[in-house]
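Colleague: Going letter by letter, the sequence shown gives residues 15 to 288 in our numbering.
Glycine included, C-beta positions come from ideal geometry on N, C-alpha and C.
Structure incoming, see below.
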Amino acid sequence: MSMEKRVGGILQMGYGTWNRPGDEAYSGVMWALEAGCRHIDTAQGYENEGDVGRAIANCGIPRDEIFITTKVAPENFGPGEVMRTSKESLEKLDVGPVDLLLLHWPAVKNEYPLESYISQFAEVYDAGMTKNIGVSNFTIPLIDEAIKLLGDRKIMVNQCEIHVYMQNRPIVDHCQSIGIPMTAYSPLARGAVVGDPLLAEIGETHNATGEQIALAFLMAEGHIVIPSSGKKDRIISNYEARNVELSDAEMVRLRGLEKGMRLVNGDWCPVWDV
Ligand SMILES: NC(=O)c1ccc[n+]([C@@H]2O[C@H](COP(=O)([O-])OP(=O)(O)OC[C@H]3O[C@@H](n4cnc5c(N)ncnc54)[C@H](OP(=O)(O)O)[C@@H]3O)[C@@H](O)[C@H]2O)c1
């Protein structure tokens, strides 16, 4: 029997839609929903909010059973732009208020002061356009500052790169210590985990694939995971990783795969925690 766990109110297993334009996003979301997944992750920057919305409209599943996240792109942090573009996102998705709205990145090269876009973000939340708010790619100093600026408004999650090869301990430990769960993006290290001998070996004892072990590991660490695939069989198999339960000894071995392999990096990124 499958288990449907939530972390901090969010279904622990979601489906990511980055780099899946148009019909690919549409069919991917459909397959994820068919597999039983009820948590979908999109963003303004993925340019597929309309396709994700179309799949949700056509899937026959009641809206309130699906958890939908979208993200405000940092190029939309200028005066009035967070509200204007969040309205655009809601129009494209056409699902009513989203379940979770994230700031996709901190402002690139500090182009906008944190206060200026956090106050706009709070306005969007206060207007009821999203049920929850959160952040993505926020470092320790940024999340601490954001918490102060948001006052009573709770940060539901920090979505960051986390996988067996880059377990991102500094930000994970900090957020977990202050009660903010993490969503692990690129949880399969963008496919780099395929063929890993330790994952395969542990997989054999669980009658599971190495990729399922990579996802089960992150979930056992308390993270929400949002793997992406454009293939139906992989979408189903990734979703089934919920059913793998790893032992403490296996967890210790899997933690040993850490090698500081950060995949999403560039001049738009904040100074990462070390
Ligand atoms: N907040 C942010 O800044 C941020 C950044 C990056 C990603 N994200 C989110 O996180 C989601 C997932 O991250 P990601 O797409 O970067 O990487 P990922 O989920 O770690 O990996 C996706 C890659 O792995 C392959 N794959 C998936 N399942 C597989 C399986 N069972 N066996 C073998 N290969 C498999 C896929 O290929 P096929 O399609 O060929 O199966 C694809 O190339 C994104 O879609 C997005 O929603 C957020």
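Quick one: give me the first and last residue of the beta strand (DSSP E) that V149 is part of.
Modeller: Element bounds for V149: I147 to S150.
Colleague: Look up R183 in the DSSP assignment and give the residues it is bridged to.
Modeller: Partner(s): none; R183 has no beta bridge.
Colleague: Should E125 be counted as a contact of ligand 1 given a C-beta to heavy atom distance under 8 Å?
Modeller: Not under cutoff, so the answer is no.
Colleague: Skipping 5 residues on each side, what residues in its chain have a beta carbon closer than 8 Å to that of T144?
Modeller: Once the five neighbours on either side are set aside, the close Cβ partners of T144 are S100, P111, V112, D113, L114, L115 and V138.
Colleague: Using a Cβ-Cβ cutoff of less than 8 Å, which residues in the same chain neighbour E129 once the five nearest sequence positions on both sides are dropped?
Modeller: Same-chain partners within the cutoff: L163.
Colleague: Taking the alpha carbon of G23 as the reference point, which residue from C189, F81, D247 and A228 has its own alpha carbon closest?
Modeller: Closest by alpha carbon: F81.
Colleague: Does the beta-carbon of I240, which I'm using as the reference point, lie nearer than 8 Å to any heavy atom of ligand 1?
Modeller: Correct: I240 has its Cβ closer than 8 Å to ligand 1.
Colleague: Verify whether the separation of the beta carbon atoms of V21 and I238 is less than 9 Å.
Modeller: Contact: yes.
Colleague: Using the C-alpha atoms, what's the distance from M196 back to N146?
Modeller: Roughly 15 Å between the two C-alpha positions.
Colleague: Taking only the alpha-carbon atoms, compute the straight-line gap between A160 and S133 and give it to the nearest angstrom.
Modeller: About 10 Å.
Colleague: In the DSSP output, what is E215 paired with across the bridge?
Modeller: Per DSSP, none; premise fails for E215.
Colleague: Quick check: the Cα distance between S103 and D65, rounded to an integer number of angstroms?
Modeller: Going by the C-alpha atoms only, they are around 12 Å apart.
Colleague: Quick one: complete beta strand (DSSP E) runs, 3+ long, within the region 93 to 172?
Modeller: Entirely contained in the region 93 to 172, the beta strand (DSSP E) runs reaching 3 residues are, in chain order, 114 to 117 and 147 to 150.
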